[in-house]
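Scroll down for the structure; my scribbles are underneath it.
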Ligand code: TXA
Ligand code: MG
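In this note's numbering, the protein residues as written are 4 to 317.
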C-alpha cells in the first residue's frame with residue numbers, strides 16, 4: 004500500500020484525476036476519496052468500504068462557490084458557511100438541477116451532503132481537481148473511523164489503496180451534519196461543531212429527534228464505530244479482564260490496560276483521542292472495553308453518540 008508523504012501530494016491528485024481512489028487526511032477523520040461525478044468511482048468507494056448503498060456520501064468542495072454548482076444554496080447555508088467553513092460542518096441541501104454528482108453518492112436522495120474541509124493538504128488536493136470528492140470515512144463499514152494514515156493502512160491492509168499522510172487528524176471526530184432544507188438547521192449527526200456553536204449563529208437550530216418530524220441521516224445506524232470486543236458504557240467500577248477507557252480523575256483502581264481520553268476532563272481533547280484509543284484497546288486479550296461516563300455537553304454529545312453506537316449489540 005503506497006503511503007505518500009505531503010511532498011508527493013501531486014501523485015494523489017494524479018491518481019484521483021485517473022479515477023483512482025485515494026485515502027486523504029481531513030481535520031476530522033481520514034476520508035476514502037474519489038471523483039464524486041463518476042458513477043464507477045463512487046461504486047468502488049461503496050464496494051471497498053462494504054458500505055450499504057442506502058447510506059449516502061459527503062461531497063467535499065473547495066468552498067461555497069463550488070458547492071453552489073451542485074446544491075441549491077440558501078440563506079442558512081450562506082450564514083453557516085461564513086461562520087464555519089472551511090471546517091467540520093456538513094450541509095444537507097437539495098441537489099441542484101442538472102447536478103453532475105453521481106446519484107449513487109447521494110443514495111438516490113434528492114438532497115446532497117456538502118462540506119469544505121479545513122486540512123491544508125486536503126485543500127491542496129481539491130484545488131488540483133475540477134470535480135468535488137466523495138469521501139466517507141476511510142474505514143470498513145461499521146468499524147472505527149481512522150484518525151491517522153496508519154489506521155487507514157490497518158483498515159485496508161492487503162489492498163493497493165494509496166494513502167496521503169497528513170498526520171493525525173486534529174479534531175478526531177467526524178463533522179456535524181446539519182439538514183438545511185427546512186426553515187431552521189436540524190442536526191442529523193452530532194459532530195465536532197456543537198449545538199451551542201450553531202445556535203450562536205442561528206438560534207433556532209435544533210437536534211433531529213428532539214422535536215420529531217425531521218429526516219433521519221441514513222448513516223446513523225445503531226451499530227457503528229465498533230471495536231471487535233464489547234464496549235461497556237458509564238463504567239463506575241471495573242470488571243475482571245476489562246480494559247479501561249477513562250475520562251478525567253479515575254475514582255477506582257485502574258487496570259494496567261488504561262488509556263485516559265483527557266486527564267483534565269477536557270472534552271475537545273477527549274474527542275481527538277477517542278477513535279485512536281478505542282483502536283489501541285481493541286485487543287482479544289481484553290474481555291471488553293469499559294468506558295467511564297462522559298459529560299453530555301458540547302462535543303460530549305458527539306462523543307457519547309459514537310460510544311453508544313460502538314457499544315450497540317452486534
Ligand atoms: O468528518 C466527516 O464528515 C468525514 C470526513 C472524511 O469528511 N466523513 C464522514 O463521512 O464521516 P461518512 O460517510 O462516514 O458519514 C456521512 C454521513 C452519514 O451519516 C450519512 O448518512 C450522512 O452523512 N449523509 C450523507 N448524505 C446525506 C443526505 N443527503 N441526507 C442525510 N444524511 C446524509
Ligand atoms: Mg463513517
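Even glycine gets a Cβ: it sits at the ideal position worked out from N, Cα and C.
Taking each of 286, 196 and 259 in turn and checking the Cα distance to residue 305, the smallest one comes out for 196. Bridge partners of residue 36 according to DSSP: 25. Rounded to whole angstroms, the separation of the alpha carbons of residue 50 and residue 201 is 34 Å. Bridge partners of residue 261 according to DSSP: 247. In the displayed model, residue 94 falls within a strand according to three-state DSSP.
Where residue 253 is concerned, there is no enclosing beta strand (DSSP E), because DSSP gives it neither an H nor an E. Rounded to the nearest whole angstrom, the C-alpha separation of residue 28 and residue 65 is 15 Å. Between the C-alpha atoms of residue 43 and residue 16 there is a straight-line separation of about 18 Å. With contacts defined as CB atoms closer than 9 Å, residue 56 and residue 110 qualify as a contacting pair. Per the coordinates, the alpha-carbon of residue 251 lies some 13 Å from the alpha-carbon of residue 303. Scanning 94, 266, 247 and 96 for the CA closest to the CA of residue 259 turns up 247. Contact between residue 7 and residue 24 is ruled out by a C-beta separation of about 14 Å, above the 8 Å threshold.
Rounded to the nearest angstrom, the Cβ distance from residue 311 to residue 264 is 15 Å, too far for a contact under 8 Å. Approximately 6 Å separates the beta-carbon atoms of residue 116 and residue 59; this is inside 8 Å, confirming the contact.
Inter-residue distance for residue 308 and residue 193 is about 7 Å (C-alpha atoms, whole angstroms).
Boundaries of the beta strand (DSSP E) harbouring residue 167: 165 to 167, taken from the DSSP string.
Rounded to whole angstroms, residue 145 and residue 206 show a C-alpha spacing of 33 Å. With a cut-off of 8 Å on Cβ pairs, the segment 156 to 175 is not in contact with the segment 67 to 80, counting fewer than three such pairs.
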